[in-house]
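Per our numbering, the very first residue in the sequence shown carries number 1415; after that it's consecutive.
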Amino acid sequence: MEEEERAESTVPSCVSMKSDRMDEDRAESTVPSCVSLKSDWSKGGMIDFRSSEEIERGEHILSNWDQSAPPGESSCSQSGSRSGDAEMKPKQRGDLQEVIEGHKISLKRRCEHVTEGTNEAGSGTLLNKIYTELYITEGQSEEVDTQHEVRQLERTSKKNIQDTPIKCQDIFKVLSEQQRHIRVVLTNGVAGVGKTFSVQKFSLDWAEGLENQDISLVLPLSCRELNLIRDEQHSLLSLLHVFHPTLQKIRAEDLKTVWKLLFIFDGLDESRFSLDFNKHQVISDVTQVSSVEVLLVNLIQGNLLPSALIWITSRPAAAYQIPPSCVDRITEVRGFTDSQKEEYFRRRFSDEDLSKRIISHIKASRSLHIMCLIPVFCWITAIVLEDMMTRDQRGELPQTLTDLYSHFLRVQIKRKKQKYGGKQRPGKLTEDDKDLLLKLGRLAFEHLEKGNIMFYSEDLERCGLDVSEVSVYSGVCTEIFKRESVIFQKSVYCFVHLSVQEFLAAVYMFHCYTRKDTAVINQFLKYSEPVTSLDDFLRRALMKSLKSENGHLDLFVRFLHGLSLESNQRILGGLLDQTENHPETIQKVLYNLKEENSDEISPDRSINIFHCLMEMKDQSVHQEIQEFLKSEKKSERELSEIHCSALAYLLQMSEEVLDELNLWQYNTSEEGRRRLIPAVRNCRKVEVWCCSLSEISCGSLASALRSNPSHLRELELSHTELKDPGVKLLCGFLQDPLCKLETLRLKYCSLSETSCDSVASALKSNHSHLRELDLGQNQLQDSGVKLLCGFLHFPNCRLETLSSFRREGHTGTTYS
Ligand SMILES: Nc1ncnc2c1ncn2[C@@H]1O[C@H](COP(=O)(O)OP(=O)(O)OP(=O)(O)O)[C@@H](O)[C@H]1O
């Protein structure tokens, strides 16, 4: 037992960022020891010191070993376990029971406290006190793409009526007759939406004997921590011993005997593995040594411990690594519904009046209200608003993201001062503080560019950060930057949320601009001409961000624009030098944003230009579009490109589904029409004809279609020069089981027989609702038409009208 404890103290918790190891140690004395459990278990009629709850738990697990397999489990999953079980001696059973009980106690200690960015000993709050039910759905609401997560959350804030909610504790339960045994569950969700909290709550409820008691062992493994042994070779058994030292005594036979194990891999997106499901070493023995990646693939595919349940959580951009054929259920953590947001603030503050004021401020600010869909934003908002509302605050409450994050940083700095005292004037930073924050900013920036969210001591040192200094800092100001975990004596650091990293990165870049640090600026902008003014700098930064494929600089550039306002610079208490804030310069920046026009930019990405305007507190475009939407004669009003981006944003966010989006109904340029494409996400009928769609616009259209499978009934894409690759992209949407499209017109799109193949196989793969398909005036050839005819014989085919007629050619199929 003592040995186990010592071993445990050197390893991280499964959910280390939320747990507090100091508390674990304190809690130690209050829980029954494994020794007493062991003797209880094996002693028969002797006096039992355990609580009735513990007895119940223990007996339940024992009874699992005596039961036959549950219905629905695959035979292969049972074969190993039953035979091993039969051979098990009572002494072995007792030992195993003891190990499991010890594991439960350890897991409970790891999971019952959350630290929410604070590493101070004893500061952890009880998970059960602040845990607020999350809105989790079965299936996927949005396309799984690599777009920036803040944009995704803006889209996902709308609740789809067809979503099926599922409770966190039910994710392995068979809920309908159509479902078979659920072995592998993949849970998606954007950053900070509550995936780790869900894992922690699930594990705690299990360890406390409240939920999922049919599972014998819950084994959470954080992918972030698995990274640290990425280059090592392990067997599954040794992996468990490393990450769950309470299971040191567990043997290979035990793993095969315990009939329901659950492995939880939290944060696949944070793993640095490359999972190859096609070509890998097959492993079926828990003692066979290989790389962590190979072990993971074998577990997921069911080669290794076929009866073990697997739960993987991931941000959407990384979830594609798991082939759909390996997954029995996909769920998505969608964050908080409106009532859950309120519940969150009520739970958080015992002062009822304060929580009411905070809730009403959030409701009054549309962007804050949308952001609070994501729990981590609720947390940041709670910290800022609590501070502002409980002191004599005359200033305006934050309305934009830059406002909110500037206040967040200010609150953290203030907390540091309260802790250490200090002679400087309130609201002003010491030189040391500035130095440290800017170094953190540099770290944030350099790693944002590379797409890194985790850092090691070496990375800190490279930015001039003294590791011990950061540790002190992270002890008092941990909401900004926290020590994520310690494993094998190696610290891993990360910012409390990606958006905090993006904010600090923008602060650093802005500082470099005001200090005229041309080396850093030129390196970032990759431009030989020197930056001449603030508007020139912001314009080039915007262009750079718009060219990024996945939008990884979107939020950064939004903050950069927000920081150009003197009002925000003031909140930061001297961290940034004040800039040449001539009204003309700001006007020039606003003008540039409104006039930015390039057909090389994806329509989805262009919406970020509108967000930059909002961060600069320019409401003009927003107001003009609101008026436009109310006006009678819409087609007469001329819309600029930025108007179209704002319109696309408002339409896709609207609670109401638009009946028809016809791009020619708007009085705008060709580029303006393309910028409207994101609105396809929220309408029933779409007419995009006579538009030349570039590859980039086509990608945006495909992505918008994929996120609107259930509303869209009619799609007109004739005369669009879509070509075969364009059609291939769109087929992803046709394959979606939720796709209800009835009419698809692709006349004059320069298509060949290749497109027939793509369309026919997409339609075959699914219960297609398509009734009309028009492929006329393309060069489909007889072979293409033949492929389409193949689909007509298919049982799922509901097609009533098929046209592939080509006037001058030999093909003239019409089918009715
Ligand atoms: N159910 C919840 N109740 C209360 N607070 C929550 C809940 N879920 C999340 N939070 C808050 O949001 C923060 C982030 O949550 P969490 O770490 O679970 O997100 P995540 O989805 O795992 O994010 P990432 O992908 O960045 O790892 C938590 O530290 C907590 O402050």
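Cβ atoms here follow ideal geometry from the backbone N, Cα and C, with glycine treated the same way.
Here the structure is a predicted model, which is why all the values come from computation and not from measurement.
**Item:** Anticipated Cβ contact below 8 Å, residue 2086 with residue 2120, distance rounded
**Value:** Taking the sequence shown and counting its residues from 1, the one referred to as residue 2086 is at position 672. Taking the sequence shown and counting its residues from 1, the one referred to as residue 2120 is at position 706. Actually they are not in contact, since the Cβ atoms of residue 2086 and residue 2120 sit about 24 Å apart, beyond 8 Å.
**Request:** Could you check the C-alpha separation between residue 2140 and residue 2113 for me, to the nearest Å?
**Result:** Counting from 1 along the sequence shown, the entry for residue 2140 is found at position 726. Counting from 1 along the sequence shown, the entry for residue 2113 is found at position 699. So the alpha carbons of these two residues sit roughly 8 Å apart.
**Minimum C-alpha distance to residue 1654 - residue among 1608, 1685, 1710, 1629** = Locating residue 1654 in the sequence shown gives position 240, where the first residue counts as 1. With distances taken between Cα atoms, residue 1654 lies closest to 1710.
**Asked** What runs of the alpha helix (DSSP H), each 4 residues or longer, lie entirely inside the region 2084–2133?
**Response** 2084–2089, 2109–2120
**Asked** For the putative contact between residue 1920 and residue 1977, defined by C-beta atoms under 8 Å, what is the C-beta separation to the nearest angstrom?
**Response** The residue labelled residue 1920 in the question sits at position 506 within the sequence shown. The residue labelled residue 1977 in the question sits at position 563 within the sequence shown. 6 Å between Cβ atoms; contact.
**Asked** Do the CB positions of residue 2163 and residue 2134 come within less than 8 Å of each other?
**Response** On the sequence shown, residue 2163 is found 749 positions in, with the first residue counted as 1. On the sequence shown, residue 2134 is found 720 positions in, with the first residue counted as 1. Yes, the Cβ-Cβ distance between residue 2163 and residue 2134 is below 8 Å.
**Message:** So the candidates are 1947, 2036, 1969, 2044; which of them puts its Cα closest to the Cα of residue 2054?
**Reply:** As a working mapping, residue 2054 is identified with position 640 in the sequence shown. With distances taken between Cα atoms, residue 2054 lies closest to 2036.
**Asked** With distances taken from CA atoms, which of 1547, 1668, 1676, 1677 is nearest residue 1508?
**Response** Counting from 1 along the sequence shown, the entry for residue 1508 is found at position 94. Taking only the C-alpha atoms, the option nearest residue 1508 is 1668.
**Request:** Counting only runs of 3+ residues fully inside the region 1714–1767, write out the beta strand (DSSP E) ranges in chain order.
**Result:** 1723–1728, 1743–1749
**Asked** Helix, strand or coil: which one does DSSP assign to residue 1579?
**Response** Counting from one through the sequence shown, the residue named residue 1579 turns up at place 165. For residue 1579, the secondary structure class from DSSP, reduced to helix, strand or coil, is strand.
**Message:** Residues in the same chain with beta-carbon distance under 7 Å from residue 1443, minus the five sequence neighbours each way, listed in chain order, please.
**Reply:** As a working note, residue 1443 is residue 29 in the sequence shown. For residue 1443, the pLDDT reaches just 29, beneath the cut-off of 50, and the residue's location in the model is therefore unreliable, although a value from the coordinates is still provided. Taken in chain order, the list of residues that qualify is empty.
**Prompt:** To which residues does DSSP link residue 1680 through a beta bridge?
**Reply:** Against the sequence shown, residue 1680 aligns to sequence position 266. Under the DSSP definition of a beta bridge, residue 1680 partners with 1636.
**The beta strand (DSSP E) enclosing residue 2162, as first and last residue numbers** = To locate residue 2162, count along the sequence shown from 1; it is residue 748. Where residue 2162 is concerned, there is no enclosing beta strand (DSSP E), given that its DSSP letter is neither H nor E.
**Asked** Does the Cβ of residue 1611 lie closer than 7 Å to at least one heavy atom of ligand 1?
**Response** To locate residue 1611, count along the sequence shown from 1; it is residue 197. Answer for residue 1611: yes, Cβ within range of ligand 1.
**Request:** Taking residue 1925 and residue 2027 to be in contact with their CB atoms under 8 Å, please state how far apart those CB atoms are, rounded to whole angstroms.
**Result:** Within the sequence shown, the letter at position 511 stands for residue 1925. Within the sequence shown, the letter at position 613 stands for residue 2027. Their Cβ separation, rounded to whole angstroms, is 23 Å, which puts residue 1925 and residue 2027 out of contact at 8 Å.
**Message:** Can you give me the C-alpha to C-alpha distance between residue 1922 and residue 1956, rounded to a whole angstrom?
**Reply:** Position 508 of the sequence shown holds residue 1922. Position 542 of the sequence shown holds residue 1956. Computed Cα separation, rounded: 16 Å.
**Message:** Using C-beta distances below 6 Å, list every residue in its chain close to residue 1633, excluding the 5 sequence neighbours before and after it, in chain order.
**Reply:** Indexing the sequence shown from 1 puts residue 1633 at position 219. Counting only Cβ-Cβ distances below 6 Å, and skipping sequence neighbours, we find 1677.
**Asked** By a C-beta neighbour count over all protein chains shown, 10 Å radius and 16 as the cutoff for buried, is residue 1720 buried or exposed?
**Response** As a working note, residue 1720 is residue 306 in the sequence shown. Buried, by the Cβ-count rule.
**Request:** Tell me whether residue 2000 counts as near ligand 1, meaning its Cβ is closer than 7 Å to at least one heavy atom of that ligand.
**Result:** Here residue 2000 refers to the residue found at position 586 of the sequence shown. Because no heavy atom of ligand 1 lies under 7 Å away, the Cβ of residue 2000 does not count as near it: no.
**Request:** Specify the secondary structure class of residue 2081 as computed by DSSP and reduced to three states.
**Result:** Stepping through the sequence shown from its first residue, residue 2081 is reached at position 667. Strand, per DSSP.
**Asked** What separation, rounded to the nearest whole angstrom, lies between the Cα atoms of residue 1605 and residue 1688?
**Response** In the sequence shown, the residue the question calls residue 1605 occupies position 191. In the sequence shown, the residue the question calls residue 1688 occupies position 274. Cα to Cα, the separation comes out at about 21 Å.
**Message:** With a threshold of 8 Å on Cβ separation, who are the neighbours of residue 2210 within its own chain once the five nearest residues in sequence on each side are excluded?
**Reply:** Position 796 of the sequence shown holds residue 2210. Around residue 2210: 2177, 2178, 2180, 2181, 2182.
**Item:** Beta bridge counterpart(s) of residue 2188 as assigned by DSSP
**Value:** For the purposes of this step, residue 2188 is taken as residue 774 along the sequence shown, with counting starting at 1. For residue 2188, which the question treats as bridged, DSSP gives the partners 2159, 2217.
**Request:** Buried or exposed for residue 1941, please, with buried defined as at least 16 other CB atoms from any protein chain shown within 10 angstroms of its CB.
**Result:** Position 527 of the sequence shown, counting from 1, holds the residue named residue 1941. Looking at its Cβ environment, which holds fewer than 16 other Cβ atoms inside 10 Å, residue 1941 is exposed.
**Message:** Rounding to the nearest angstrom, what Cα-Cα distance links residue 1696 and residue 2184 in this structure?
**Reply:** In the sequence shown, counting from the first residue as 1, residue 1696 sits at position 282. In the sequence shown, counting from the first residue as 1, residue 2184 sits at position 770. Roughly 42 Å separates the two Cα atoms.
**Request:** Along the beta strand (DSSP E) that carries residue 1549, what are the first and last residues, could you check?
**Result:** By 1-based counting over the sequence shown, the position of residue 1549 is 135. Here the beta strand (DSSP E) through residue 1549 covers 1549–1552.
**Item:** Three-state secondary structure assigned by DSSP to residue 1456
**Value:** Here the question's residue 1456 lines up with position 42 in the sequence shown. Residue confidence is low: residue 1456 scores 24 on pLDDT, short of 50, so the model does not pin down where it sits. Its coordinate-derived value is still stated next. Helix at residue 1456.
**Request:** Round the Cβ separation of residue 2130 and residue 2102 to the nearest angstrom and send it over; I've been treating them as touching at under 8 Å.
**Result:** By one-based count along the sequence shown, residue 2130 stands at place 716. By one-based count along the sequence shown, residue 2102 stands at place 688. Confirmed, Cβ separation roughly 7 Å.
**Prompt:** If residue 1772 and residue 1759 are in contact, beta carbons under 8 Å, what's the gap, nearest whole angstrom?
**Reply:** Here residue 1772 refers to the residue found at position 358 of the sequence shown. Here residue 1759 refers to the residue found at position 345 of the sequence shown. Rounded, the Cβ-Cβ distance is 5 Å, consistent with contact.
**Message:** Given a cut-off of 8 Å on the beta-carbon distance, is the pair residue 1877 and residue 1863 in contact?
**Reply:** Residue mapping note: residue 1877 aligns to position 463 of the sequence shown, counting from 1. Residue mapping note: residue 1863 aligns to position 449 of the sequence shown, counting from 1. No, the Cβ-Cβ distance between residue 1877 and residue 1863 is not below 8 Å.
**Message:** Do residue 1803 and residue 1821 have their beta-carbon atoms positioned less than 8 Å apart in this structure?
**Reply:** Within the sequence shown, numbered from 1, the residue matching residue 1821 stands at position 407. Within the sequence shown, numbered from 1, the residue matching residue 1803 stands at position 389. Taking a C-beta distance under 8 Å as the contact criterion, residue 1821 and residue 1803 do not qualify as a contact pair.
**Prompt:** So residue 1934 is in the alpha helix (DSSP H); what residue range does that whole segment cover?
**Reply:** Start at 1 with the first residue of the sequence shown, and residue 1934 comes out as number 520. Residues 1932–1939.
**Prompt:** Nearest CA to the CA of residue 1960: which residue from 2002, 2010, 1934, 1944?
**Reply:** What you label residue 1960 is simply residue 546 of the sequence shown in a count that begins at 1. Closest by alpha carbon: 2010.
**residue 1605 beta carbon near ligand 1 (any heavy atom closer than 7 Å)** = The count along the sequence shown starts at 1 and reaches residue 1605 at position 191. Answer for residue 1605: yes, Cβ within range of ligand 1.
**Prompt:** Which class does residue 1970 belong to by DSSP, given the choice of helix, strand or coil?
**Reply:** If you number the sequence shown from 1, residue 1970 lands on position 556. If DSSP states are grouped into helix, strand and coil, residue 1970 belongs with the helices.
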